[in-house]
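This report concerns only the one structure given below.
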Ligand code: PMP
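In our numbering, the protein residues as written are 48 to 480.
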């Protein structure tokens, strides 16, 4: 660590030093590293404080998991009540589990039944397994730059577009990696060509309907085309709505685009930061899971439907059902996107602003990116320099290559004003470095 960090971030740096001894890389997930050492201590609403008492306006949102804001009162109260009531029984089903499943079925257009999981990765893992069981095929189509969890069955490295890519990162079962075929997002022709050649092998296409992990939006016809191709070739279409679900609106991207996937995975915003995820779909598929008497597809988990997770999800969805959460998110998101466009112009930096609803991103490129190959040509070093300038000035956005930022329901117009004022200064500083 640079010496100046020891003086400015004394306690954070001390914790980092302790962590380096006992946590590999000092982080519990591979994308938590920041340029300056930050050890978060607490958070409230749109604000987060580190152990040195430094305040950040939080537009990181824990990788899009925080949607209402930190320690949101309804969620905090539900968690406290549940902690004193029932955390986990591991038998039968609680009324709250049924209530949550009823909510998911009511809100998500393609859902007839729902199963809970502790993480988005668990949900995509089971969705892919179910697709293989339904179709009796092994291969999965995914899209370059999309992320569905680090398990063997959806992970290909980000830049291995096409079928000729290397098998996978260390430790990934090569036999599993060979079943994952990566296409370019928005390249429907390539998908059609693939299905024409290998349709008999393909169990499912899994897609982020808006590829927020790659800062890409679907071109008109792309998602419709995927729906048609998968149906024609007897494969399932899986919408991975772990980011889009409950963030765009209660019905997710499928409601927005009017497209009905076969299976849908949900997570992140569902629990407003508490680990809870779901897999939803029609009864004819979902009933194959081993939770039913004749189900043959393995499905279990000690923490599936954990009391705290379910309480957080019911409280989060309750707020969204009662209050204009998504209107607020969209309005502030629009303000952020418009403001960033102006700032980039003002600073004479070629830029494209992507995102929708609460999510926004400022990409330093001349032309709106269509595919992940386009994203890879964005000026990443300027992006990282800009993000680090933002973080240094107390605006927390992911200081990671080309990753999205977002507002929550707790952010105010004044917070957006402050973020935009800071963006102006940060972009000038990054540009002039
Ligand atoms: N799908 C998508 C679209 C995601 O963005 C992520 C996480 N970034 C996952 C799945 C995996 O979810 P989790 O981290 O909760 O396992």
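The beta carbon of each residue, even a glycine, is placed where N, CA and C say it ideally should be. Please read all numbers here as calculations on a predicted model, not as lab measurements.
Nearest-angstrom Cα separation, counted from residue j out to residue i
| i | j | result |
| --- | --- | --- |
| residue 437 | residue 445 | 10 Å |
| residue 347 | residue 403 | 35 Å |
| residue 318 | residue 95 | 18 Å |
| residue 419 | residue 150 | 35 Å |
| residue 169 | residue 179 | 16 Å |
| residue 58 | residue 466 | 26 Å |
| residue 89 | residue 315 | 19 Å |
| residue 439 | residue 339 | 52 Å |
| residue 104 | residue 400 | 20 Å |
| residue 213 | residue 228 | Low local confidence applies: a pLDDT of 49 at residue 213 is under 50, so the model's placement there is unreliable, with the coordinate-based value given in what follows. About 11 Å. |
| residue 267 | residue 407 | 20 Å |
| residue 410 | residue 432 | 12 Å |
| residue 72 | residue 173 | 29 Å |
| residue 118 | residue 124 | 9 Å |
| residue 424 | residue 415 | 11 Å |
| residue 205 | residue 122 | In this prediction, residue 205 has a pLDDT of 44, which is less than 50 and means its spatial position is unreliable; nothing more can be read from the coordinates. |
| residue 282 | residue 295 | 27 Å |
| residue 312 | residue 288 | 5 Å |
| residue 60 | residue 413 | 39 Å |
| residue 226 | residue 478 | 43 Å |
| residue 132 | residue 449 | 43 Å |
| residue 63 | residue 192 | 30 Å |
| residue 239 | residue 270 | 13 Å |
| residue 65 | residue 84 | 12 Å |
Residue i vs residue j beta-carbon contact at 9 Å
| i | j | result |
| --- | --- | --- |
| residue 93 | residue 381 | no |
| residue 115 | residue 366 | yes |
| residue 257 | residue 291 | yes |
| residue 141 | residue 357 | yes |
| residue 363 | residue 259 | no |
| residue 166 | residue 196 | yes |
| residue 69 | residue 86 | no |
| residue 202 | residue 224 | yes |
| residue 147 | residue 163 | yes |
| residue 40 | residue 345 | Outside the shown range of the chain (48 to 480) lies residue 40, about which nothing can therefore be said. |
| residue 377 | residue 321 | no |
Identity of the residues DSSP links to residue i by a beta bridge
| i | result |
| --- | --- |
| residue 189 | 229 |
| residue 181 | Answer by DSSP bridge pairing: none, since residue 181 is not bridged. |
| residue 292 | 296 |
| residue 117 | 92 |
| residue 97 | 87 |
| residue 160 | 328 |
| residue 442 | 104 |
| residue 254 | 286 |
| residue 351 | Per DSSP, none; premise fails for residue 351. |
| residue 319 | Per DSSP, none; premise fails for residue 319. |
Would the region 173-187 and the region 240-248 be scored as touching if the rule is three or more Cβ pairs under 8 Å?
yes
Examine the Cβ distances between the region 150-160 and the region 325-339 and report whether three or more of them are shorter than 8 Å.
yes
Taking one C-beta from the region 225-235 and one from the region 389-405 each time, how about it: are there three or more such pairs within less than 8 Å?
no
State whether the region 449-466 contacts the region 369-389, with contact taken as three or more CB pairs (one from each stretch) at a distance under 8 Å.
yes
With a cut-off of 8 Å, do at least 3 Cβ pairs link the region 303-314 to the region 258-277?
yes
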